[in-house]
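Residue numbers (the UniProt record's numbering): 1 to 295.
Every residue gets a Cβ at the ideal spot worked out from N, C-alpha and C, and that includes glycine.
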């Protein structure tokens, strides 16, 4: 029987971000051009994650996955801070991709966020790859796939943690495979909320969703260019009227800036883990926040 050594993380905020319509665009471009575009784009995302203390997990084709875990279990607001850091990365992604082109075409992102318990580790005997598994991973993936282009869709759990510091538009009930209908929300970025400021010493500032990161050896190569992109006035995410797609019927139009005090029912505690985005793998019970071995 093979052994697996994994670590249970009681709270993790997960982001999936996908390039809308990329498959169709890529099918008409040379493979070298497609790879060069993805490398340039994802390298900028990597730098934002690095500066915001968010951990990149992997890329899956044109999809980018990253997470933030609770820093200190005893720190008040630690869970909200983790979600805020991930949301800042998502907001930055929307701004960055607008500055990139592939053969003159500008694409956009669709992002989704959820939080909960996950298991991290490495499985298999070859081609080792660190990954995360858990129901929270699956729900985060569904938040992205059922989301709206140029927006970040969040679950009720994320909304409850950030509603006092960020603005969201309620989307109502959204059908999530394996979960049924869940309350979801679209993040409403403030004017210039994608801006990312950092001092020469590496201290980030100027955004409610940013956190302090230090680079003792100086800023990483390329980070200055990313900062310039996010500071540019034309890259600022504006409050516009957003077309909200209702899964039960025709699309409707809701104004950004419309907020709601209604909080949907939270999903119950996650008691099991299963394979992440692919949905494969056996389900096992998580006994608690301890190390798993010999599963």
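Item to check | Contact under 8 angstroms by Cβ, residue 184 with residue 174 | outcome: Yes, these two residues count as a Cβ contact at 8 angstroms.
Checklist entry - Considering only the beta carbon of each residue, do residue 57 and residue 136 sit closer than 8 angstroms? => result For the pair residue 57 and residue 136, the CB atoms are not nearer than the 8 angstroms cut-off.
Checklist entry - In this structure, what does DSSP give as the bridge partners for residue 174? => result The bridge partners DSSP lists for residue 174 are 182.
Item to check | Inter-stretch contact (C-beta, 8 angstroms, three-pair minimum) for the stretch 6-26 and the stretch 102-117 | outcome: Judged by Cβ distances under 8 angstroms, the stretch 6-26 makes contact with the stretch 102-117, as three or more pairs qualify.
Next on the checklist: Rounding to the nearest angstrom, what Cα-Cα distance links residue 145 and residue 177 in this structure?
Outcome noted: Cα atoms of residue 145 and residue 177: separation of roughly 10 angstroms, rounded to the nearest angstrom.
Next on the checklist: Does residue 164 come out as helix, strand or coil in the three-state DSSP assignment?
Outcome noted: DSSP places residue 164 in coil when its eight states are reduced to three.
Checklist entry - Assuming residue 11 and residue 115 make a contact with CB atoms under 8 angstroms, what is their CB distance in whole Å? => result The Cβ separation is near 6 angstroms, so the contact holds.
Checklist entry - Between which two residues does the beta strand (DSSP E) harbouring residue 83 extend? => result That residue, residue 83, is in no beta strand (DSSP E); its alpha helix (DSSP H) goes 78-97.
Checklist entry - Quick one: what's residue 169 bridged to in DSSP? => result Checking the DSSP bridge columns, you'll see residue 169 partnered with 186.
Checklist entry - Can you tell which of 132, 131, 46, 60 has its C-alpha closest to the C-alpha of residue 92? => result Taking each of 132, 131, 46, 60 in turn and checking the Cα distance to residue 92, the smallest one comes out for 46.
Next on the checklist: Tell me the residue span of the beta strand (DSSP E) that contains residue 299.
Outcome noted: Given a span of 1 to 295 for the chain in the structure shown, any question on residue 299 remains unanswerable.
Item to check | Residue closest to residue 179, alpha-carbon to alpha-carbon, out of 141, 127, 161 | outcome: Of 141, 127, 161, the residue nearest in Cα terms is 141.
Checklist entry - Run through DSSP, which three-state label would residue 27 get? => result In the structure shown, residue 27 falls within a coil segment according to DSSP collapsed to helix, strand and coil.
Checklist entry - When the Cα atoms are used, what is the spatial distance from residue 78 to residue 162? => result When rounded, the distance between both Cα atoms is 12 angstroms.
Checklist entry - Which residues does DSSP pair with residue 153 in a beta bridge? => result The beta-bridge partner set that DSSP reports for residue 153 consists of 112, 186.
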